[in-house]
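J.:
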Amino acid sequence: MTTLDTSNLNVKDLSFINDIKSMAVIGTSKKRNFFFLRNHAENFKGKLYAVNPVLKEIPGFDKNIIYPSLKDIPGEVDFVFIAVPPSKILEVMDDCAEKGVKLATVFTAEFSDSGKDEGLELEKELLRRTKNKVRMLGPNGLGLYYPKLGIAWRSHFPAKSGNISFIAQSGGICNLI
14 MTTLDTSNLN VKDLSFINDI KSMAVIGTSK KRNFFFLRNH AENFKGKLYA VNPVLKEIPG
74 FDKNIIYPSL KDIPGEVDFV FIAVPPSKIL EVMDDCAEKG VKLATVFTAE FSDSGKDEGL
134 ELEKELLRRT KNKVRMLGPN GLGLYYPKLG IAWRSHFPAK SGNISFIAQS GGICNLI
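Under our numbering, the residue at position 35 of the sequence shown is numbered 48, and the numbers go up by one with no gaps.
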């Protein structure tokens, strides 16, 4: 088991992003026709894994990339894209911390964005559990788009890398740009 040394976790240092070699899509689902997995698979240059506790195969993918949990994946996982129900997010993020995941995108919604007290409390607990353990984009976030490494949550995004960096709070604005 690999764990991230959190004693010197510098949230301002993002240089590790240049060295993402493995990625897991957690919550790979037939309902969405494996949308997130397929979009990341098109151009990602590293090892790609799918995590779903019940799926044994995914059409068009090698069975050897499918695991029932993040903890079952052998070796390191640098980046995870999470699309699970809110009720599963704390367990998944605990697994990320235990596995030593460097960055997690939480696509899952229904946190403070829902306007409900339960969502706000869940988000507070999520932040408390991940503080100094896992760098997180989200919740309810689109995540990382890094053409140089082939990381894009939409397949139609350009795969050619340029010389501009852009960080935004709003996915809608990012899509417009």
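No residue lacks a Cβ here, since even glycine has one placed at the ideal position from N, Cα and C.
If you draw a straight line from the alpha carbon of Gly151 to that of Ala165, how long is it in whole angstroms?
T.: Those two C-alpha atoms are separated by around 15 Å.
J.: Would you grab the beta carbon distance between Phe92 and Gly163 for me? Rounded to a whole angstrom, and I think it's under 8 Å.
T.: With a Cβ gap of about 12 Å, Phe92 and Gly163 do not count as contacting.
J.: Excluding the 5 residues flanking Val147 on each side, which residues of the same chain have their C-beta closer than 8 Å to its C-beta?
T.: Excluding sequence neighbours, Val147 sits near Leu17, Met106, Cys109, Ala110, Val114, Lys115, Leu116 and Ala117.
J.: Please classify Phe49: does DSSP put it in a helix, a strand, or coil?
T.: Three-state DSSP puts Phe49 in a helix.
J.: Who does Thr118 pair with in a DSSP beta bridge?
T.: In the DSSP output, where bridge partners are listed per residue, Thr118 has Phe94 and Leu150.
J.: May I ask you to list the residues that DSSP assigns as paired with Met194?
T.: The structure shown has nothing for residue 194, since the chain only spans 14 to 190.
J.: Three-state secondary structure (DSSP) at Ala165?
T.: It is coil, neither helix nor strand.
J.: Any contact between the region 53-68 and the region 30-38? By contact I mean 3 or more CB pairs, one from each, below 8 Å.
T.: Result yes; three or more Cβ-Cβ pairs closer than 8 Å.
J.: At which residues does the alpha helix (DSSP H) containing Lys43 begin and terminate?
T.: First-last for Lys43: undefined, no H or E at that position.
J.: So Leu139 is in the beta strand (DSSP E); what residue range does that whole segment cover?
T.: No beta strand (DSSP E) contains Leu139, which is instead part of the alpha helix (DSSP H) from Asp130 to Thr143.
J.: Just the Cα atoms here: how many angstroms apart are Arg142 and Ile102?
T.: If you take the alpha carbons of Arg142 and Ile102, they lie about 11 Å apart.
J.: DSSP three-state call for Leu157: helix, strand or coil?
T.: If DSSP states are grouped into helix, strand and coil, Leu157 belongs with coil.
J.: Who does Ser35 pair with in a DSSP beta bridge?
T.: Note: Ser35 sits in a beta bridge opposite Lys60.
J.: For Ile30 versus Leu83, is the C-beta distance shorter than 8 Å?
T.: No; because the gap between Cβ atoms is not below 8 Å, this pair is not in contact.
J.: Starting from the C-beta of Gly154, find all residues in its chain whose C-beta is less than 8 Å away, skip the five residues before and the five after it, and write them out in chain order.
T.: Excluding sequence neighbours, Gly154 sits near Thr118, Val119, Phe120 and Gly184.
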